[in-house]
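**Student:**
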Amino acid sequence: GAVVSQHPSRVICKSGTSVKIECRSLDFQATTMFWYRQFPKQSLMLMATSNEGSKATYEQGVEKDKFLINHASLTLSTLTVTSAHPEDSSFYICSAFLGPGNTEAFFGQGTRLTVV
Amino acid sequence: KQEVTQIPAALSVPEGENLVLNCSFTDSAIYNLQWFRQDPGKGLTSLLLIQSSQREQTSGRLNASLDKSSGRSTLYIAASQPGDSATYLCAVGTGNQFYFGTGTSLTVIP
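Residue numbers (the numbering used here), protein chains in the order written: chain A, 1 to 116; chain B, 1001 to 1110.
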């Protein structure tokens, strides 16, 4: 089946630094990728929709200047958490659809971010 | 906005028992519904995808049903095994995004 690879799986960073998370579609081209965040004991919440070659669409309440999304190619989207704070510690996960008209979602393995 | 609820939040059963997980959603205008499994600290594994025109899907010991008009889906797990222990999430697809429930944490006791 389709594979979405996310890297790194775990990262610990100091407050004030930036962290980049990569999401790759390994055997298909993804014009659209999605970034979710999951806090402990809570559901996954959509942060933004990443569109190849254009600006990402952010959900209400998500700071676009803090969570920078770049979708430079059909197989790679990146999420950069800038000036990270402890409250940004969370589980971040990306997903992609196989293509236009295909609405089955495939998810990356997720990234556990801890800001100390 | 679509709201997805999963009941129960946690479930503990002895090995071999059949069980049902419930998912309800508020807006019946959906594209599909997908059930996932999430192991602690890990990503999501897709279990079953039901298109809006379908009533159920089966994969091995798993059977998922969808009643779009009443806003409900169930995931039936037959002959549960300790390896089934995980959090099960349902997600309602609108065509361009998914709305997730908070999950049911399942523990199967050997």
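From the three backbone atoms N, C-alpha and C, an ideal C-beta is built for every residue, glycine too.
#1: Take every Cβ of the stretch 81-88 of chain A, pair it with every Cβ of the stretch 9-19 of chain A, and state whether three or more of those distances are shorter than 8 Å.
#2: Is B/THR1026 close to chain A, meaning its C-beta is less than 8 Å from at least one C-beta of that chain?
#3: So with Cβ pairs under 8 Å, would you call B/THR1111 a contact of chain A?
#4: For chain B, check one thing: does any of its Cβ atoms lie closer than 8 Å to the Cβ of A/LEU26?
#5: Closer than 9 Å, Cβ to any Cβ of chain B: which residues of the stretch 23-56 of chain A, in chain order?
#6: Using C-beta distances below 8 Å, list every residue in its chain close to B/LYS1132, excluding the 5 sequence neighbours before and after it, in chain order.
#7: Between A/PHE97 and A/VAL4, is the Cβ-Cβ spacing less than 8 Å?
#8: Nearest chain A C-beta to B/GLN1002 closer than 8 Å, yes or no?
#9: Reducing DSSP to helix, strand and coil, say where B/ASP1084 ends up.
#10: Where does A/LEU26 land, buried or exposed, given buried means 16+ other C-beta within 10 angstroms?
#11: Please determine, among B/ASN1096, B/SER1024, B/TYR1088, the residue with the shortest C-alpha to C-alpha distance to B/LEU1011.
#12: What residues in the stretch 1020-1044 of chain B bring their beta carbon closer than 7 Å to a beta carbon of chain A?
#13: Using only alpha-carbon positions, find the residue among B/SER1105, B/GLY1016, B/ASN1096 that is nearest to B/CYS1090.
#14: On the three-state DSSP scale, how would you describe A/GLU22?
#15: Roughly how many angstroms lie between the CA atoms of A/GLN38 and A/PHE91, to the nearest whole one?
#16: Rounded to a whole number of angstroms, what is the C-alpha to C-alpha distance between A/GLU59 and A/ALA48?
#17: Please list, in chain order, all residues of the same chain as A/THR31 whose beta carbon is under 6 Å from its beta carbon, the five residues on each side excluded.
**Tutor:** Let me lay it out:
#1: Touching, yes.
#2: Here residue 1026 of chain B refers to the residue found at position 26 when the second sequence is read from its first residue. So, not an interface residue.
#3: A query on residue 1111 of chain B cannot be resolved here, the shown segment of chain B reaching from 1001 to 1110 and no further.
#4: Position 26 of the first sequence, counting from 1, holds the residue named residue 26 of chain A. Judged by the 8 Å Cβ criterion, A/LEU26 is not in contact with chain B.
#5: Hits within the stretch, in order: THR32, PHE34, TYR36, GLN38, LYS41, GLN42, SER43, LEU44, MET45, LEU46, THR49.
#6: This structure leaves residue 1132 of chain B out entirely; chain B is present only between 1001 and 1110.
#7: As a working note, residue 97 of chain A is residue 97 in the first sequence. As a working note, residue 4 of chain A is residue 4 in the first sequence. Contact flag unset, no.
#8: By one-based count along the second sequence, residue 1002 of chain B stands at place 2. Nearest CB-CB separation between B/GLN1002 and chain A: not below the 8 Å threshold.
#9: In the second sequence, counting from the first residue as 1, residue 1084 of chain B sits at position 84. B/ASP1084: helix per DSSP, three-state reduction.
#10: In the first sequence, residue 26 of chain A corresponds to position 26, counting from 1. It is exposed - the Cβ of A/LEU26 has fewer than 16 other Cβ atoms within 10 Å.
#11: What you label residue 1011 of chain B is simply residue 11 of the second sequence in a count that begins at 1. It is B/TYR1088 whose Cα lies nearest to the Cα of B/LEU1011.
#12: Taking 7 Å as the upper bound on Cβ-Cβ separation, chain A lies near residues TYR1031, ASN1032, GLN1034, GLY1041, LYS1042, GLY1043, LEU1044 of the stretch 1020-1044 of chain B.
#13: As a position in the second sequence, residue 1090 of chain B is number 90, starting the count at 1. The candidate whose alpha carbon is nearest that of B/CYS1090 is B/SER1105.
#14: As a working mapping, residue 22 of chain A is identified with position 22 in the first sequence. Here A/GLU22 sits in strand by DSSP.
#15: Mapped onto the first sequence, residue 38 of chain A falls at position 38. Mapped onto the first sequence, residue 91 of chain A falls at position 91. Cα to Cα, the separation comes out at about 5 Å.
#16: As a position in the first sequence, residue 59 of chain A is number 59, starting the count at 1. As a position in the first sequence, residue 48 of chain A is number 48, starting the count at 1. If I take the Cα positions, the gap works out to 6 Å.
#17: Taking the first sequence and counting its residues from 1, the one referred to as residue 31 of chain A is at position 31. Answer for A/THR31: GLU52, listed in chain order.
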